[in-house]
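S.K.: My questions all concern the structure below.
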DNA sequence: GTCTATACATAGATAGAC
DNA sequence: GTCTATCTATGTATAGAC
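Protein chains in written order, with the working numbering: chain D, 2 to 214; chain Y, 2 to 214.
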């Protein structure tokens, strides 16, 4: 394993486990078992290293899940996969890492670029699933899969942050969310008549956007 | 305005605008226009000041919205209020501040306490609305308002983080979310027969929890 | 490519004058 | 209560030996 590679992995780990604020050149180098100066030799700056590490590790993580996403056919399946992803990635730290990157990105444009890259990478997967899953639903054509996918991904990151703050409450939140999938799924099997009725209700309710004054 | 008070406000502002990593005793004191040593005189440590500032500012923010939450009667209204809150608080920085606190909380137990306090404060408001709004819905009794409220609040924070990373995409995500409210609202007006049908579908689908092997 | 050594900025925190 | 001055630790980054 090359030093460059070790630094990438160490930076990703430092972000996930120690957080953005503690991801210094010294702590990353120590984690990688190499000298601190090599951070600057290989990547120029800590920000550059973090940027590279996020892109690298997000590519790896998404690759691992690409097949799983492709198998999803229903919304509850998507939520089940989300729950599984939540559990696995809590150990591996990929999503926690993203949360840290997004927090750091609030003031660092370079990290913001990495965060955009990461969210897009995950969202593209979710979007493909949503487009497939919602095609036969009364919601089809009314909801933009791209926007919904971003909402799902961003919301998921919020939940991941919450997980570290209050594990029990976060678990209760995940449980409650599973109902949304059940709800959408229940709409699927309504039959053509009820389906059309539901759809017309949705269209009528959706057009005049809700505005409060 | 007392020095103590100025420090609280400055700490809240530093968190929201400069981020957790940049919220140092010196930068906060500069923002408050007081000497750096006063942070330690009044609060003992930076972590203690941040903790106090978060609790103080969350109490203020929630107070501002208490009445508005109490007026909400439907899910689309809740989402509309959420959108408005998103817009106003982006300027005031209360939710961005929470995002920073949650990011910092990943490794700092004291900040984790503040984060729990903050999420609970918002969630209690959301929970009351959800309990009221869902009472007449086919979902009543199936979804735990407490868990759902936490999911909404945590997800909202994720969206707020996303806002700084990719404003256009975040706006698209908010738009897509508004459909969820419309969806639930459309279920409300289905009439008693369809309502019961929907409810039985939900109950059947919900009981045997979706598990993938 | 990797190391040691070091320059320099900024962090948290405290002592003591006022 | 507030200030100046200072200690100490840690951060980024670079120069130069190997």
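Cβ coordinates follow ideal geometry from the N, Cα and C atoms, glycine included.
How close, in whole Å, do the beta carbons of residue 12 of chain D and residue 50 of chain D come, if the pair is a contact with beta carbons under 8 Å?
M.R.: For the purposes of this step, residue 12 of chain D is taken as residue 11 along the first chain, with counting starting at 1. For the purposes of this step, residue 50 of chain D is taken as residue 49 along the first chain, with counting starting at 1. Right, their Cβ atoms sit about 5 Å apart.
S.K.: Determine, for residue 10 of chain D, whether the minimum Cβ-Cβ distance to residues of chain Y falls below 8 Å.
M.R.: Residue 10 of chain D sits at position 9 when you count from the first residue of the first chain. With 8 Å as the cut-off, residue 10 of chain D does not count as an interface residue toward chain Y.
S.K.: Is it right to say residue 42 of chain D is buried, meaning 16 or more other beta carbons lie within 10 angstroms of its own, or is it exposed?
M.R.: One-based indexing of the first chain puts residue 42 of chain D at position 41. Result: exposed.
S.K.: Pull out every residue of the region 132 to 145 of chain D whose Cβ sits closer than 8 Å to any Cβ of chain Y, in chain order.
M.R.: Hits within the stretch, in order: 140, 143, 144, 145.
S.K.: Under the three-state reduction of DSSP, which class applies to residue 179 of chain Y: helix, strand or coil?
M.R.: Taking the first residue of the second chain as position 1, residue 179 of chain Y is located at position 178. Note: residue 179 of chain Y maps to helix in three-state DSSP.
S.K.: At a CB distance below 7 Å, what residues from the region 98 to 113 of chain Y approach chain D? Give them in sequence order.
M.R.: 100, 101, 103, 104, 105, 106, 107, 108, 113
S.K.: Of all the beta strand (DSSP E) runs that stay within the bounds of the region 43 to 117 of chain D, which reach a length of 3 or more residues?
M.R.: none
S.K.: In chain order, what residues of the same chain lie with their CB nearer than 8 Å to the CB of residue 14 of chain Y, ignoring the 5 residues before and after it?
M.R.: By one-based count along the second chain, residue 14 of chain Y stands at place 13. Cβ within range, chain order: 32, 94.
S.K.: Secondary structure at residue 139 of chain Y, three-state DSSP: helix, strand or coil?
M.R.: Position 138 of the second chain, counted from the start, is the residue given in the question as residue 139 of chain Y. Coil.
S.K.: If you draw a straight line from the alpha carbon of residue 218 of chain Y to that of residue 75 of chain Y, how long is it in whole angstroms?
M.R.: Only positions 2 to 214 of chain Y appear in this structure, which leaves residue 218 of chain Y out of reach.
S.K.: With C-beta atoms as the reference, is residue 159 of chain Y less than 8 Å away from residue 155 of chain D?
M.R.: As a working note, residue 159 of chain Y is residue 158 in the second chain. As a working note, residue 155 of chain D is residue 154 in the first chain. Yes; because the gap between Cβ atoms is below 8 Å, this pair is in contact.
S.K.: What residue does the alpha helix (DSSP H) around residue 19 of chain D start on, and which one ends it?
M.R.: As a first step, residue 19 of chain D is located in the first chain; it is residue number 18 there, counting from the start. From DSSP, the alpha helix (DSSP H) with residue 19 of chain D extends over 4 to 19.
S.K.: Let's see if you can read the secondary structure: which residues bound the alpha helix (DSSP H) around residue 166 of chain Y?
M.R.: On the second chain, residue 166 of chain Y is found 165 positions in, with the first residue counted as 1. Start and end: 146 to 166.
S.K.: DSSP three-state label for residue 37 of chain D, please.
M.R.: Counting from 1 along the first chain, the entry for residue 37 of chain D is found at position 36. Correct three-state label for residue 37 of chain D: coil.
S.K.: In angstroms, rounded to a whole number, what distance separates the CA positions of residue 187 of chain Y and residue 143 of chain Y?
M.R.: Sequence index remark: in the second chain, residue 187 of chain Y carries index 186 (1-based). Sequence index remark: in the second chain, residue 143 of chain Y carries index 142 (1-based). Distance between the alpha carbons of residue 187 of chain Y and residue 143 of chain Y is about 18 Å.
S.K.: Does any CB atom of chain D fall closer than 8 Å to the CB of residue 22 of chain Y?
M.R.: Along the second chain, one-based indexing puts residue 22 of chain Y at 21. Taking CB atoms only, residue 22 of chain Y has a neighbour in chain D less than 8 Å away.
S.K.: Does DSSP classify residue 22 of chain Y as helix, strand or coil?
M.R.: Counting from 1 along the second chain, the entry for residue 22 of chain Y is found at position 21. If DSSP states are grouped into helix, strand and coil, residue 22 of chain Y belongs with the helices.
S.K.: What's the C-alpha gap between residue 145 of chain D and residue 121 of chain D?
M.R.: Working through the first chain from its first residue, we reach residue 145 of chain D at position 144. Working through the first chain from its first residue, we reach residue 121 of chain D at position 120. The alpha-carbon of residue 145 of chain D is positioned some 15 Å away from that of residue 121 of chain D.
S.K.: Which residues in chain Y sit within 9 Å of residue 54 of chain D, going by Cβ to Cβ distance?
M.R.: Against the first chain, residue 54 of chain D aligns to sequence position 53. Result: empty, since nearest Cβ-Cβ is about 17 Å, beyond 9 Å.
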